[in-house]
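If you read the sequence shown in the working numbering, its first letter stands for residue 33, the second for the next number, and so on.
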Amino acid sequence: MNVAILKILLKKEVSLIRRNPIVPRLIIGMPIWVMLIIPLVATLDVKNVGVAVVDNDRTELSRRMIADMDASEYLSVTGCYFYYGDALQQIENGDADAIVTIPQNYLNDLTNRLKPELSLKANGVNATKGMLGAQYASMSMSSTISRWQTERGISLSLPESATVNLYNPTLDFRNYMIPALMVVLLIIICGFLPTLNLVSEKETGTIEAMNVTPVGKFEFVLSKLIPYWVVGIVVVTVGMLIGWMVYGLVPEGNVANIYLASILFSLVMSGLGVFIANMSSTILQSIFMMFAFIVVFQLMGGLFTPIASMPQWAQYITYAIPPRYFIEIMRSVYLKGATIADLWWQYAALSGFALLFCIIAAATYKKRA
(Lines of atoms letter the chains of each structure in order from A and count residues from 1; the text may use other names and numbers.)
(Lines give C-alpha, C1' and ligand atoms only; values in the text may rest on other atoms or scores of the structure.)
Protein backbone atom coordinates (compact mmCIF):
# COMPACT_ATOMS: atom_id res chain seq x y z
CA MET A 1 0.00 0.00 0.00
CA ASN A 2 1.32 3.43 -1.01
CA VAL A 3 0.69 5.72 1.98
CA ALA A 4 1.48 8.89 0.01
CA ILE A 5 -1.14 8.07 -2.62
CA LEU A 6 -3.65 7.18 0.10
CA LYS A 7 -3.16 10.57 1.77
CA ILE A 8 -3.76 12.38 -1.51
CA LEU A 9 -6.93 10.38 -2.19
CA LEU A 10 -8.18 10.98 1.35
CA LYS A 11 -7.71 14.71 0.93
CA LYS A 12 -9.71 14.53 -2.30
CA GLU A 13 -12.52 12.55 -0.63
CA VAL A 14 -12.77 14.95 2.30
CA SER A 15 -13.03 17.87 -0.14
CA LEU A 16 -15.77 16.12 -2.10
CA ILE A 17 -17.74 15.41 1.09
CA ARG A 18 -17.45 19.02 2.23
CA ARG A 19 -18.61 20.35 -1.16
CA ASN A 20 -21.55 17.98 -1.36
CA PRO A 21 -24.78 19.91 -0.62
CA ILE A 22 -26.48 16.97 1.14
CA VAL A 23 -23.93 14.69 2.81
CA PRO A 24 -22.58 17.15 5.44
CA ARG A 25 -26.11 18.07 6.49
CA LEU A 26 -27.06 14.39 6.65
CA ILE A 27 -24.02 13.57 8.77
CA ILE A 28 -24.81 16.38 11.22
CA GLY A 29 -28.60 16.22 11.25
CA MET A 30 -29.25 12.49 11.15
CA PRO A 31 -27.77 11.50 14.54
CA ILE A 32 -29.50 14.42 16.22
CA TRP A 33 -32.83 13.56 14.58
CA VAL A 34 -32.60 9.82 15.31
CA MET A 35 -31.47 10.15 18.94
CA LEU A 36 -33.85 12.99 19.83
CA ILE A 37 -37.07 12.00 18.04
CA ILE A 38 -37.11 8.21 17.56
CA PRO A 39 -36.87 7.31 21.29
CA LEU A 40 -39.93 9.47 21.92
CA VAL A 41 -42.15 8.09 19.16
CA ALA A 42 -40.93 4.50 18.67
CA THR A 43 -42.02 3.21 22.05
CA LEU A 44 -43.89 0.17 23.27
CA ASP A 45 -44.82 1.80 26.56
CA VAL A 46 -48.61 1.53 26.89
CA LYS A 47 -50.48 4.30 28.68
CA ASN A 48 -54.05 5.62 28.79
CA VAL A 49 -55.59 2.21 28.22
CA GLY A 50 -59.35 2.59 28.00
CA VAL A 51 -61.29 0.29 30.36
CA ALA A 52 -65.05 -0.19 30.25
CA VAL A 53 -66.43 -1.55 33.54
CA VAL A 54 -69.58 -3.63 33.98
CA ASP A 55 -70.39 -3.24 37.69
CA ASN A 56 -72.90 -5.92 38.70
CA ASP A 57 -71.94 -5.70 42.39
CA ARG A 58 -72.47 -1.95 42.98
CA THR A 59 -70.81 -1.89 46.37
CA GLU A 60 -68.22 0.26 48.10
CA LEU A 61 -65.45 -2.11 47.02
CA SER A 62 -66.46 -2.12 43.36
CA ARG A 63 -66.59 1.68 43.31
CA ARG A 64 -63.17 1.81 44.94
CA MET A 65 -61.74 -0.58 42.34
CA ILE A 66 -63.11 1.59 39.55
CA ALA A 67 -61.75 4.78 41.13
CA ASP A 68 -58.27 3.27 41.56
CA MET A 69 -58.15 2.17 37.92
CA ASP A 70 -59.19 5.61 36.76
CA ALA A 71 -56.54 7.24 38.95
CA SER A 72 -53.76 5.18 37.39
CA GLU A 73 -51.57 6.89 34.75
CA TYR A 74 -51.81 3.74 32.63
CA LEU A 75 -55.59 3.23 32.78
CA SER A 76 -58.59 5.38 31.99
CA VAL A 77 -62.12 4.24 32.80
CA THR A 78 -64.24 5.12 29.76
CA GLY A 79 -67.52 4.31 31.49
CA CYS A 80 -69.30 2.23 34.09
CA TYR A 81 -72.21 0.18 32.75
CA PHE A 82 -74.90 -2.12 34.07
CA TYR A 83 -75.13 -4.23 30.89
CA TYR A 84 -72.32 -6.09 29.15
CA GLY A 85 -73.63 -5.13 25.71
CA ASP A 86 -73.07 -1.43 26.42
CA ALA A 87 -69.45 -2.09 27.42
CA LEU A 88 -68.89 -4.27 24.35
CA GLN A 89 -70.13 -1.40 22.19
CA GLN A 90 -67.26 0.71 23.58
CA ILE A 91 -64.81 -1.90 22.31
CA GLU A 92 -66.46 -2.04 18.90
CA ASN A 93 -66.36 1.75 18.61
CA GLY A 94 -62.69 1.82 19.52
CA ASP A 95 -63.31 3.84 22.70
CA ALA A 96 -62.10 1.11 25.08
CA ASP A 97 -59.35 -1.51 25.01
CA ALA A 98 -60.57 -3.86 27.74
CA ILE A 99 -63.75 -4.83 29.59
CA VAL A 100 -63.80 -5.57 33.33
CA THR A 101 -66.88 -7.34 34.68
CA ILE A 102 -67.45 -7.34 38.45
CA PRO A 103 -69.94 -10.16 39.25
CA GLN A 104 -72.89 -9.93 41.60
CA ASN A 105 -72.27 -10.57 45.29
CA TYR A 106 -68.54 -10.11 44.74
CA LEU A 107 -68.05 -8.24 48.04
CA ASN A 108 -70.14 -10.76 49.95
CA ASP A 109 -68.22 -13.73 48.56
CA LEU A 110 -64.89 -12.03 49.28
CA THR A 111 -65.95 -11.28 52.85
CA ASN A 112 -66.87 -14.93 53.36
CA ARG A 113 -63.36 -15.90 52.18
CA LEU A 114 -64.60 -17.36 48.94
CA LYS A 115 -62.71 -16.85 45.70
CA PRO A 116 -64.98 -15.02 43.28
CA GLU A 117 -63.56 -14.41 39.83
CA LEU A 118 -63.43 -11.16 37.93
CA SER A 119 -63.99 -11.28 34.18
CA LEU A 120 -61.47 -9.39 32.08
CA LYS A 121 -61.61 -9.29 28.28
CA ALA A 122 -59.19 -7.41 26.03
CA ASN A 123 -59.43 -6.04 22.50
CA GLY A 124 -57.22 -8.32 20.40
CA VAL A 125 -57.06 -6.04 17.37
CA ASN A 126 -54.25 -4.08 19.01
CA ALA A 127 -52.73 -7.11 20.68
CA THR A 128 -49.98 -5.25 22.57
CA LYS A 129 -52.23 -2.62 24.05
CA GLY A 130 -55.01 -5.08 24.81
CA MET A 131 -52.71 -7.59 26.50
CA LEU A 132 -50.80 -5.05 28.57
CA GLY A 133 -53.97 -3.13 29.36
CA ALA A 134 -55.58 -6.26 30.72
CA GLN A 135 -52.51 -6.92 32.88
CA TYR A 136 -52.55 -3.34 34.19
CA ALA A 137 -56.24 -3.60 35.07
CA SER A 138 -55.71 -6.95 36.80
CA MET A 139 -52.79 -5.59 38.84
CA SER A 140 -54.76 -2.50 39.81
CA MET A 141 -57.75 -4.51 41.02
CA SER A 142 -55.53 -6.97 42.90
CA SER A 143 -53.81 -4.09 44.65
CA THR A 144 -57.14 -2.54 45.63
CA ILE A 145 -58.49 -5.84 46.98
CA SER A 146 -55.29 -6.48 48.95
CA ARG A 147 -55.50 -3.07 50.61
CA TRP A 148 -59.18 -3.56 51.36
CA GLN A 149 -58.54 -6.96 52.97
CA THR A 150 -55.65 -5.57 55.02
CA GLU A 151 -57.78 -2.69 56.29
CA ARG A 152 -60.39 -5.14 57.53
CA GLY A 153 -57.96 -7.65 58.99
CA ILE A 154 -58.83 -10.35 56.49
CA SER A 155 -55.98 -12.77 55.82
CA LEU A 156 -54.82 -12.81 52.23
CA SER A 157 -55.30 -16.01 50.33
CA LEU A 158 -51.98 -15.58 48.50
CA PRO A 159 -48.60 -14.55 49.96
CA GLU A 160 -47.35 -11.11 49.09
CA SER A 161 -44.59 -10.89 46.52
CA ALA A 162 -42.22 -8.14 45.47
CA THR A 163 -41.01 -7.59 41.91
CA VAL A 164 -37.61 -6.09 41.23
CA ASN A 165 -36.81 -5.07 37.65
CA LEU A 166 -33.13 -5.70 37.04
CA TYR A 167 -30.99 -3.51 34.74
CA ASN A 168 -33.91 -1.25 33.75
CA PRO A 169 -35.72 -0.53 37.05
CA THR A 170 -38.16 1.98 35.54
CA LEU A 171 -39.02 -0.30 32.60
CA ASP A 172 -38.56 2.74 30.36
CA PHE A 173 -38.61 1.54 26.76
CA ARG A 174 -36.32 4.40 25.73
CA ASN A 175 -33.51 2.81 27.73
CA TYR A 176 -34.02 -0.29 25.59
CA MET A 177 -34.15 1.58 22.29
CA ILE A 178 -31.43 4.23 22.57
CA PRO A 179 -28.42 1.86 22.55
CA ALA A 180 -29.81 -0.07 19.58
CA LEU A 181 -30.61 3.04 17.52
CA MET A 182 -26.91 3.53 16.89
CA VAL A 183 -27.11 0.56 14.53
CA VAL A 184 -29.30 2.69 12.25
CA LEU A 185 -26.73 5.48 12.25
CA LEU A 186 -23.83 3.19 11.37
CA ILE A 187 -25.81 1.42 8.65
CA ILE A 188 -26.45 4.74 6.92
CA ILE A 189 -23.07 6.39 7.55
CA CYS A 190 -20.74 3.42 7.03
CA GLY A 191 -22.81 1.35 4.62
CA PHE A 192 -25.23 3.43 2.60
CA LEU A 193 -23.17 6.57 1.96
CA PRO A 194 -19.95 4.79 0.83
CA THR A 195 -22.03 2.67 -1.54
CA LEU A 196 -23.56 5.75 -3.16
CA ASN A 197 -20.13 7.38 -3.29
CA LEU A 198 -18.55 4.47 -5.17
CA VAL A 199 -21.44 4.04 -7.60
CA SER A 200 -21.52 7.78 -8.33
CA GLU A 201 -17.93 7.42 -9.56
CA LYS A 202 -19.22 4.90 -12.08
CA GLU A 203 -22.09 7.08 -13.25
CA THR A 204 -19.95 10.20 -13.69
CA GLY A 205 -17.16 8.26 -15.39
CA THR A 206 -14.42 9.43 -13.04
CA ILE A 207 -13.71 5.85 -12.00
CA GLU A 208 -12.53 5.13 -15.55
CA ALA A 209 -9.86 7.78 -15.22
CA MET A 210 -8.85 6.27 -11.87
CA ASN A 211 -8.64 2.79 -13.33
CA VAL A 212 -5.96 3.79 -15.86
CA THR A 213 -3.73 5.30 -13.16
CA PRO A 214 -1.19 3.34 -11.09
CA VAL A 215 -3.41 3.75 -8.02
CA GLY A 216 -4.09 0.34 -6.54
CA LYS A 217 -7.60 -0.83 -5.79
CA PHE A 218 -6.71 -1.20 -2.11
CA GLU A 219 -5.76 2.48 -1.77
CA PHE A 220 -8.76 3.57 -3.83
CA VAL A 221 -11.32 1.64 -1.78
CA LEU A 222 -9.73 2.65 1.53
CA SER A 223 -9.84 6.31 0.53
CA LYS A 224 -13.58 5.89 0.00
CA LEU A 225 -14.20 4.19 3.35
CA ILE A 226 -11.86 5.79 5.91
CA PRO A 227 -13.68 9.18 6.01
CA TYR A 228 -16.96 7.43 6.75
CA TRP A 229 -15.35 5.22 9.41
CA VAL A 230 -14.18 8.36 11.19
CA VAL A 231 -17.60 9.98 10.80
CA GLY A 232 -19.25 6.81 12.14
CA ILE A 233 -17.21 6.96 15.35
CA VAL A 234 -18.05 10.65 15.72
CA VAL A 235 -21.75 9.88 15.21
CA VAL A 236 -21.67 7.16 17.89
CA THR A 237 -20.03 9.66 20.26
CA VAL A 238 -22.73 12.23 19.50
CA GLY A 239 -25.41 9.59 20.08
CA MET A 240 -23.99 8.69 23.49
CA LEU A 241 -23.76 12.37 24.44
CA ILE A 242 -27.39 12.98 23.45
CA GLY A 243 -28.49 9.90 25.39
CA TRP A 244 -26.70 11.24 28.45
CA MET A 245 -27.67 14.93 28.24
CA VAL A 246 -31.28 14.51 27.08
CA TYR A 247 -32.39 11.17 28.57
CA GLY A 248 -29.89 10.73 31.39
CA LEU A 249 -28.81 7.33 30.04
CA VAL A 250 -25.12 6.47 30.44
CA PRO A 251 -23.39 3.15 29.75
CA GLU A 252 -23.03 0.93 32.79
CA GLY A 253 -20.02 -0.75 31.19
CA ASN A 254 -16.79 0.43 29.64
CA VAL A 255 -17.21 2.91 26.79
CA ALA A 256 -14.22 1.32 25.03
CA ASN A 257 -16.34 -1.83 24.52
CA ILE A 258 -18.91 0.29 22.67
CA TYR A 259 -16.27 1.81 20.41
CA LEU A 260 -14.78 -1.61 19.65
CA ALA A 261 -18.17 -2.97 18.64
CA SER A 262 -18.82 0.16 16.56
CA ILE A 263 -15.54 -0.24 14.69
CA LEU A 264 -16.24 -3.90 13.92
CA PHE A 265 -19.78 -3.15 12.75
CA SER A 266 -18.47 -0.26 10.62
CA LEU A 267 -16.17 -2.75 8.86
CA VAL A 268 -19.10 -5.10 8.33
CA MET A 269 -21.29 -2.44 6.74
CA SER A 270 -18.40 -1.02 4.69
CA GLY A 271 -17.58 -4.42 3.25
CA LEU A 272 -21.24 -4.99 2.41
CA GLY A 273 -21.49 -1.52 0.88
CA VAL A 274 -18.44 -2.04 -1.37
CA PHE A 275 -19.83 -5.41 -2.49
CA ILE A 276 -23.18 -3.84 -3.40
CA ALA A 277 -21.39 -1.01 -5.23
CA ASN A 278 -19.36 -3.55 -7.19
CA MET A 279 -22.55 -5.31 -8.25
CA SER A 280 -24.38 -2.09 -9.20
CA SER A 281 -24.08 0.00 -12.34
CA THR A 282 -26.29 2.89 -11.25
CA ILE A 283 -27.15 4.66 -8.01
CA LEU A 284 -30.75 3.46 -8.28
CA GLN A 285 -29.64 -0.17 -8.37
CA SER A 286 -27.44 0.28 -5.31
CA ILE A 287 -30.24 2.02 -3.41
CA PHE A 288 -32.66 -0.85 -4.02
CA MET A 289 -30.09 -3.49 -3.06
CA MET A 290 -28.99 -1.67 0.09
CA PHE A 291 -32.59 -0.93 1.07
CA ALA A 292 -33.41 -4.65 0.90
CA PHE A 293 -30.60 -5.41 3.35
CA ILE A 294 -31.56 -2.52 5.66
CA VAL A 295 -35.18 -3.70 5.95
CA VAL A 296 -34.10 -7.24 6.88
CA PHE A 297 -31.45 -5.93 9.28
CA GLN A 298 -33.90 -3.72 11.15
CA LEU A 299 -36.82 -6.15 11.28
CA MET A 300 -34.86 -9.29 12.17
CA GLY A 301 -31.90 -7.83 14.05
CA GLY A 302 -33.83 -7.32 17.28
CA LEU A 303 -34.11 -3.54 16.94
CA PHE A 304 -37.87 -3.29 17.41
CA THR A 305 -38.97 -6.92 17.89
CA PRO A 306 -37.25 -9.14 20.48
CA ILE A 307 -35.57 -12.11 18.81
CA ALA A 308 -36.89 -14.42 21.53
CA SER A 309 -40.44 -13.55 20.43
CA MET A 310 -39.83 -14.67 16.85
CA PRO A 311 -40.67 -18.18 15.57
CA GLN A 312 -37.91 -20.73 16.11
CA TRP A 313 -37.04 -20.91 12.41
CA ALA A 314 -36.70 -17.11 12.27
CA GLN A 315 -34.42 -17.13 15.31
CA TYR A 316 -32.04 -19.43 13.45
CA ILE A 317 -31.97 -16.99 10.52
CA THR A 318 -31.01 -14.10 12.79
CA TYR A 319 -27.64 -15.73 13.45
CA ALA A 320 -26.71 -14.70 9.90
CA ILE A 321 -27.70 -11.05 10.48
CA PRO A 322 -24.77 -8.92 11.76
CA PRO A 323 -26.84 -6.17 13.48
CA ARG A 324 -28.14 -8.81 15.89
CA TYR A 325 -24.73 -9.03 17.57
CA PHE A 326 -24.10 -5.29 17.58
CA ILE A 327 -27.48 -4.60 19.19
CA GLU A 328 -26.90 -7.28 21.82
CA ILE A 329 -23.52 -5.76 22.66
CA MET A 330 -24.87 -2.22 22.89
CA ARG A 331 -27.79 -3.13 25.15
CA SER A 332 -25.68 -5.38 27.37
CA VAL A 333 -22.92 -2.81 27.83
CA TYR A 334 -25.38 0.04 28.35
CA LEU A 335 -27.84 -1.63 30.71
CA LYS A 336 -25.97 -4.54 32.30
CA GLY A 337 -22.36 -3.31 32.28
CA ALA A 338 -21.23 -6.43 30.39
CA THR A 339 -17.56 -6.89 29.50
CA ILE A 340 -15.80 -8.30 26.45
CA ALA A 341 -15.40 -11.59 28.32
CA ASP A 342 -19.19 -11.74 28.78
CA LEU A 343 -19.85 -10.92 25.13
CA TRP A 344 -16.96 -12.76 23.46
CA TRP A 345 -19.35 -14.67 21.17
CA GLN A 346 -20.94 -11.47 19.84
CA TYR A 347 -17.55 -9.82 19.29
CA ALA A 348 -16.24 -12.94 17.57
CA ALA A 349 -19.28 -13.07 15.30
CA LEU A 350 -18.88 -9.39 14.32
CA SER A 351 -15.18 -9.95 13.63
CA GLY A 352 -16.01 -12.93 11.44
CA PHE A 353 -18.61 -11.00 9.46
CA ALA A 354 -16.20 -8.07 9.06
CA LEU A 355 -13.50 -10.36 7.69
CA LEU A 356 -15.93 -12.18 5.41
CA PHE A 357 -17.50 -9.06 3.89
CA CYS A 358 -14.14 -7.36 3.42
CA ILE A 359 -12.79 -10.41 1.56
CA ILE A 360 -15.90 -10.54 -0.64
CA ALA A 361 -15.65 -6.80 -1.33
CA ALA A 362 -11.98 -7.09 -2.30
CA ALA A 363 -12.62 -10.13 -4.50
CA THR A 364 -15.53 -8.57 -6.39
CA TYR A 365 -13.82 -5.20 -7.03
CA LYS A 366 -12.18 -5.30 -10.45
CA LYS A 367 -9.73 -2.66 -11.61
CA ARG A 368 -9.52 -2.53 -15.36
CA ALA A 369 -6.06 -2.63 -16.90
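Glycine is no exception: its CB is placed at the ideal position from the N, C-alpha and C atoms.
Quiz item: What residue range is occupied by the uninterrupted beta strand (DSSP E) comprising Tyr106?
Solution: Translated into the one-based positions of the sequence shown, residue 106 becomes position 74. Per DSSP, Tyr106 belongs to no beta strand (DSSP E) and is neither H nor E.
Quiz item: So which of Lys398, Val278 and Leu107 has the shortest CA-CA distance to Ile64?
Solution: Your numbering for residue 64 matches position 32 in the sequence shown. Comparing Cα positions, the closest option is Val278.
Quiz prompt | Complete alpha helix (DSSP H) runs within the stretch 226 to 261 (minimum length 4 residues, chain order) | solution = 238 to 243
Quiz item: Which residues in the same chain as Lys44 place their Cβ atom closer than 8 Å to its Cβ, once the five residues preceding and following it in sequence are excluded?
Solution: Here residue 44 is taken as the residue at index 12 of the sequence shown, counted from 1. Only Ser255 meet the Cβ criterion.
Quiz item: Taking all protein chains shown into account, do 16 or more other C-beta atoms lie within 10 angstroms of the C-beta of Ile69, making it buried, or fewer, making it exposed?
Solution: Locating residue 69 in the sequence shown gives position 37, where the first residue counts as 1. Ile69 is exposed by the Cβ-count criterion.
Quiz item: Quick one, are the C-beta atoms of Pro354 and Val300 less than 7 Å apart?
Solution: By one-based count along the sequence shown, residue 354 stands at place 322. By one-based count along the sequence shown, residue 300 stands at place 268. Yes; because the gap between Cβ atoms is below 7 Å, this pair is in contact.
Practice problem: Answer with buried or exposed for Thr110, where buried requires no fewer than 16 other C-beta atoms within 10 angstroms of its C-beta. | Solution: To locate residue 110, count along the sequence shown from 1; it is residue 78. Label assigned to Thr110: buried.
Quiz item: Ordered along the chain, which non-local residues of its own chain (more than five positions away) have a Cβ less than 7 Å from that of Leu38?
Solution: Along the sequence shown, one-based indexing puts residue 38 at 6. So the qualifying residues of the chain are Glu251, Leu254 and Ser255.
Quiz item: Just to confirm, are Gly113 and Val81 a CB contact at a threshold of 7 Å?
Solution: Translated into positions along the sequence shown, residue 113 becomes position 81. Translated into positions along the sequence shown, residue 81 becomes position 49. The sequence shown places Tyr at residue 113, rather than the Gly named in the question. Cβ distance not < 7 Å, so Tyr113 and Val81 don't count as in contact.
Quiz item: If you count every other CB in all the chains shown that lies within 10 Å of the CB of Glu360, and 16 or more means buried, which is it?
Solution: The residue given as residue 360 occupies position 328 in the sequence shown. So Glu360 ends up on the buried side.
Self-check item: Selection from Ile60, Ala74, Ser383 and Asn155 that minimises the alpha carbon distance to Met336
Solution: Here residue 336 refers to the residue found at position 304 of the sequence shown. According to the sequence provided, residue 336 is Phe. The question's Met does not apply to it. The candidate whose alpha carbon is nearest that of Phe336 is Ala74.
Self-check item: Three CB pairs or more closer than 8 Å across the stretch 207 to 222 and the stretch 127 to 145
Solution: no
Self-check item: Distance between beta carbons of Tyr260 and Leu16, contact taken as under 8 Å
Solution: Here the chain comprises residues numbered 33 to 401, so residue 16 is not present and cannot be evaluated.
Quiz prompt | 7 Å CB neighbourhood of Ala154 in its chain, flanking five on each side removed | solution = Taking the first residue of the sequence shown as position 1, residue 154 is located at position 122. Here the set comprises Asp129, Ala130, Gly162, Met163, Gly165 and Ala166.
Quiz prompt | Three-state secondary structure assigned by DSSP to Asp141 | solution = Within the sequence shown, the letter at position 109 stands for residue 141. In this structure, Asp141 counts as helix in the three-state DSSP scheme.
Quiz item: Do Val244 and Ile290 have their C-beta atoms closer together than 7 Å?
Solution: Residue mapping note: residue 244 aligns to position 212 of the sequence shown, counting from 1. Residue mapping note: residue 290 aligns to position 258 of the sequence shown, counting from 1. Contact: no.
Self-check item: Every unbroken alpha helix (DSSP H) inside the stretch 38 to 119 [4 residues or more]
Solution: 55 to 73 and 92 to 103
Self-check item: Top-ranked residue by Cα proximity to Gln121, from Asp100, Asn88, Val83 and Leu142
Solution: On the sequence shown, residue 121 is found 89 positions in, with the first residue counted as 1. Answer by Cα proximity: Val83.
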